[in-house]
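For reference, the structure discussed in these notes is given below.
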Amino acid sequence: MEQLAQLPNLGKTIVNKLHEAGIDTPNKLKALGAEQAFIRLKTIDTTACFSMLCALEGAIQEIRWHQLSTDRKRELKAFFTTFSIQR
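Position 11, counted from 1, in the sequence shown is what the UniProt record's numbering calls 11; the numbers after and before it change by one each time, with no gaps.
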């Protein structure tokens with residue numbers, strides 16, 4: 001079985017937080033999507049930032065986060081901004 005730590009962008013700290021949030025496999029992460037996984041992480045770690053959201057999306061796409069398309073980064077930024085305002 002593939003482990004979260006094998007995905008790009010996911011180091012020990014974020015993997016531990018994902019586990020704490022009930023996300024313990026790559027399939028669970030991919031099924032949730034970056035936005036929903038981020039919401040779960042934010043309940044555990046109030047310092048979760050935009051870079052973490054991008055790291056999650058990169059892990060889901062199995063690419064480094066800086067390789068995300070400009071359009072996807074824009075979508076994530078809009079989500080992050082809206083989510084941050086609502087909290």
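Heads up, the beta-carbon is just placed ideally off N, CA and C, and yes, glycines get one too. Here the structure is a predicted model, which means the values were calculated and not measured.
Whether residue 41 touches residue 68 by CB criterion (9 Å): Result no, Cβ atoms of residue 41 and residue 68 do not sit closer than 9 Å.
Cβ-Cβ distance between residue 7 and residue 62 below 9 Å: Yes. Within cutoff.
Completely contained alpha helix (DSSP H) runs for the UniProt domain "TfoX C-terminal" (2-78), where each covers 4 or more residues: Complete alpha helix (DSSP H) runs here, min 4: 12-20, 26-44 and 50-61.
Contact under 9 Å by Cβ, residue 51 with residue 65: For residue 51 and residue 65, yes; Cβs fall inside 9 Å.
Residue 79 versus residue 15: straight-line alpha-carbon distance, rounded: The alpha-carbon separation between residue 79 and residue 15 amounts to approximately 22 Å.
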